[in-house]
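Let me begin by presenting the structure, written as structure tokens, before commenting on it.
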Amino acid sequence: MPCAFAQSTVDEIAKYRAALQDGNPAELWEARGEALWKQKRGPKQVSFEQCDLGLGAGVVKGAYARLPRYFADADRVMDLETRLVWCMVKLQGYSEADALKNPFGSGNEKKSDMEALVAYVTSESRGAKMNVALSHPKEEQMYRLGEKMFYFRGGPHDFACATCHGEDGKRIRLQDLPNLTGTEGAQKAYTTWPAYRVSQGELRSFQWRLYDCFRQQRFPELIFASDASVALTMFLARNANGVAFDAPAIKR
Amino acid sequence: MLALLAAAGWLKPDAAHAQAWNKAAFETHDMAETMKALGGAEPAQSKDIVFFQTPDIAENGAVVPIGIASNIPKTDSIAILIEKNPNMLAATFDIPAGTEPTISTRVKMGQTSNIYALVKADGKYYVASKEVKVTLGGCGG
Amino acid sequence: MADPMKIRANLVGDSTEVKVLMNHEMETGQRKDAQGKTIPAWFIQSVSATCNDKTVLSAQWGPAVSKNPFLSFKFKGGAKGDKVVITWVDSRGDKRTDEATIA
Numbered sequence: 001m002p003c004a005f006a007q008s009t010v011d012e013i014a015k016y017r018a019a020l021q022d023g024n025p026a027e028l029w030e031a032r033g034e035a036l037w038k039q040k041r042g043p044k045q046v047s048f049e050q051c052d053l054g055l056g057a058g059v060v061k062g063a064y065a066r067l068p069r070y071f072a073d074a075d076r077v078m079d080l081e082t083r084l085v086w087c088m089v090k091l092q093g094y095s096e097a098d099a100l101k102n103p104f105g106s107g108n109e110k111k112s113d114m115e116a117l118v119a120y121v122t123s124e125s126r127g128a129k130m131n132v133a134l135s136h137p138k139e140e141q142m143y144r145l146g147e148k149m150f151y152f153r154g155g156p157h158d159f160a161c162a163t164c165h166g167e168d169g170k171r172i173r174l175q176d177l178p179n180l181t182g183t184e185g186a187q188k189a190y191t192t193w194p195a196y197r198v199s200q201g202e203l204r205s206f207q208w209r210l211y212d213c214f215r216q217q218r219f220p221e222l223i224f225a226s227d228a229s230v231a232l233t234m235f236l237a238r239n240a241n242g243v244a245f246d247a248p249a250i251k252r
Numbered sequence: 001m002l003a004l005l006a007a008a009g010w011l012k013p014d015a016a017h018a019q020a021w022n023k024a025a026f027e028t029h030d031m032a033e034t035m036k037a038l039g040g041a042e043p044a045q046s047k048d049i050v051f052f053q054t055p056d057i058a059e060n061g062a063v064v065p066i067g068i069a070s071n072i073p074k075t076d077s078i079a080i081l082i083e084k085n086p087n088m089l090a091a092t093f094d095i096p097a098g099t100e101p102t103i104s105t106r107v108k109m110g111q112t113s114n115i116y117a118l119v120k121a122d123g124k125y126y127v128a129s130k131e132v133k134v135t136l137g138g139c140g141g
Numbered sequence: 001m002a003d004p005m006k007i008r009a010n011l012v013g014d015s016t017e018v019k020v021l022m023n024h025e026m027e028t029g030q031r032k033d034a035q036g037k038t039i040p041a042w043f044i045q046s047v048s049a050t051c052n053d054k055t056v057l058s059a060q061w062g063p064a065v066s067k068n069p070f071l072s073f074k075f076k077g078g079a080k081g082d083k084v085v086i087t088w089v090d091s092r093g094d095k096r097t098d099e100a101t102i103a
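Sequences listed follow chains A, B and C, in order.
This note's numbering numbers the first residue of the first sequence as 1 and each following residue consecutively.
This note's numbering numbers the first residue of the second sequence as 1 and each following residue consecutively.
This note's numbering numbers the first residue of the third sequence as 1 and each following residue consecutively.
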């Protein structure tokens, strides 16, 4: 049963969230990611400054707001993480297994370089207008796949993403469940990830968000950097077109 | 050995860290105990201490923003105390001359509780309090 | 070694406004791990800030300060180009010093 909250409670929570905006610990991840981006790494000792995120080798500014996109060199539609993994393998000489390892960090003992890199690259798109193209047939295909997945019901509860995110005003406890089928909901959600999760004391990427919703949905584990994750990302990123990207953010 | 090195100028004596961490004060459970550990008498209620950017309700107790400003002349230090935490004292800030008696930070709260802002000014202690409700994302708000 | 702090120091009117984020677990000593063993306390105990060799703030913290601590304060007397130096020392004796130039 949904809990009813007085408007004053909702207002106070909004004030709480506003008070956290100044001094977002996500900046610590951004700083670490920037250092990693510039560092010569891997068996080949090459930095990411030769990695093309779609706007040319080493161009980070505004790149995330145009991802996912089709990359001719890989003949594949890639989101940021998939592309970073590709650069780690092709440019830096890591094995695929090493590049895919540890996508989500946990505490001091298990820091994730991937999450830090994602924090840095996304921060360089803050203020850039979301502009994800469907001009290549494979981009269009990826978008359609993501859409299909979003409405696909399955798992022990027969849930789809749309079950929880398909109508306005839904809520689990205090958490608003954004309607991700509408432009506004997709915009608000997509442009505010990655986020520093106050409850976890960790920076979490959009990929982590998807991973966690798969878990909530009791679906099999979403494989990191798989086409399934690229497709869902494509669907939501494209639906967010037109507004400015505004992350890394801070969330409860 | 360390003292020798310091004397020889090898180690810079660090004024701020010279004062050892006040273990006793950070292990107290109520106001009287805390005041004793800090070496002060019972504080006077003051309207010249204000909370800013401190919400009435915190969505998550792991991170509760607290801002405290003291308008009491000659404010030397500001401390944050959380009544219902396992140990009451959360932090103390020494304010040298030239620094504004205004600090803001974030603290953990295990549950809904009063927060005290304790100010030492010209050798005397003053206090103000505010209740912050912690919802922890549940329905118990 | 601990990761760097993120320090911002900006001249606003005649005061320098300093905002600091620190990388630290701030473990309370009250939490248990998956095996039910208590995770030992580990937190920043003291923080000091100096500008031109003058202390502008010193603080003592307990484990109730949030993970990845944030601190903001203002002082008078700083000028553009001056350095603000911040040092923390934690309960294991680890120490970290970083600086920022007043902008």
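Note that CB positions come from ideal geometry on N, CA and C, so glycine has one too.
Counting along the chain, the unbroken alpha helix (DSSP H) around residue 100 of chain A starts and ends at 96-100. When C-beta distances to chain A are compared with 7 angstroms, the residues of the segment 47-81 of chain B below that value are 53, 55, 56, 57, 58, 59, 60, 62, 63, 65, in chain order. Residue 133 of chain A places its beta carbon 8 angstroms or farther from that of residue 191 of chain A.
In terms of Cβ geometry, residue 38 of chain A and residue 49 of chain A form a close pair [threshold 8 angstroms]. For residue 93 of chain B, the enclosing beta strand (DSSP E) starts and ends at 89-94. Contact with chain C is found for residue 32 of chain A, since one of that chain's Cβ atoms lies less than 8 angstroms from the residue's Cβ. Put simply, the backbone Cα of residue 237 of chain A is about 18 angstroms away from that of residue 222 of chain A. Under the 8 angstroms criterion on CB atoms, residue 177 of chain A is classed as non-interfacial with respect to chain B. Along the segment 74-85 of chain C, there is no position whose C-beta sits under 7 angstroms from a C-beta of chain A.
A Cβ-Cβ distance of about 6 angstroms is found for the pair residue 119 of chain A and residue 26 of chain A, placing them in contact under the 8 angstroms criterion. Secondary structure in the segment 38-95 of chain A: the beta strand (DSSP E) runs of 3 residues or longer, each lying completely within the stretch, are 69-71, 76-78 in chain order. Note that the segment 198-206 of chain A touches the segment 110-125 of chain A; at least 3 beta-carbon pairs, one per stretch, sit closer than 8 angstroms. Cβ proximity to chain A below 9 angstroms picks out nothing from the segment 48-63 of chain C.
Cα atoms of residue 180 of chain A and residue 30 of chain C: separation of roughly 39 angstroms, rounded to the nearest angstrom.
Fewer than three pairs of CB atoms, one per stretch, sit closer than 8 angstroms, so the segment 23-39 of chain B makes no contact with the segment 214-234 of chain A. Residue pairing by DSSP places residue 154 of chain A opposite A:159 in a beta bridge. Contact of residue 40 of chain C with chain B by beta-carbon distance below 8 angstroms is absent, the smallest such distance being about 15 angstroms. Residue 46 of chain B and residue 122 of chain B have their C-alpha atoms spaced approximately 14 angstroms apart. Residue 38 of chain C is classed as exposed because its beta carbon has fewer than 16 other beta carbons within 10 Å across all chains shown.
Using a CB distance cut-off of 8 angstroms, residue 27 of chain A counts as an interface residue toward chain C. Nearest neighbour of residue 210 of chain A by Cα position, chosen from A:81, A:64, A:8, A:35, turns out to be A:81. With fewer than 16 other CB atoms across the displayed protein chains lying within 10 angstroms of its CB, residue 8 of chain A is exposed. Neighbours of residue 107 of chain B in chain C, taken as residues whose beta carbon is under 8 angstroms from its own, are 64, 65, 66 in chain order.
Leaving aside the five residues that flank residue 16 of chain A on each side, none in its chain has a CB nearer than 6 angstroms to its CB. Taken in chain order, the members of the segment 192-224 of chain A whose beta-carbon sits within less than 8 angstroms of a beta-carbon on chain B are 198, 199, 201. Between residue 59 of chain A and residue 53 of chain A, the alpha-carbon positions lie close to 7 angstroms from each other. Its Cα nearest to that of residue 103 of chain A, the residue A:116 stands out among A:116, A:196, A:252, A:95.
Distance from the CA atom of residue 52 of chain C to the CA atom of residue 101 of chain C, rounded to whole angstroms, is 11 angstroms. If you draw a 10 Å sphere on the C-beta of residue 59 of chain B, you find 16 or more other C-beta atoms in it, and that means buried. Residue environment for residue 56 of chain C: buried (at least 16 other C-beta atoms within 10 angstroms of its C-beta). Counting only the Cα atoms, residue 145 of chain A lies some 11 angstroms from residue 233 of chain A.
Residue-level contact by beta carbon fails for residue 105 of chain A and chain C, as no gap is shorter than 8 angstroms. Rounded to whole angstroms, the gap between the alpha carbons of residue 125 of chain B and residue 113 of chain B is 21 angstroms.
In the three-state reduction of the DSSP assignment, residue 84 of chain C falls in the strand class, which pools E and B. When Cβ-Cβ separations below 8 angstroms define contact, residue 69 of chain C makes contact with chain B. With a cutoff of 8 angstroms on beta-carbon distance, residue 178 of chain A and residue 165 of chain A are scored as near each other.
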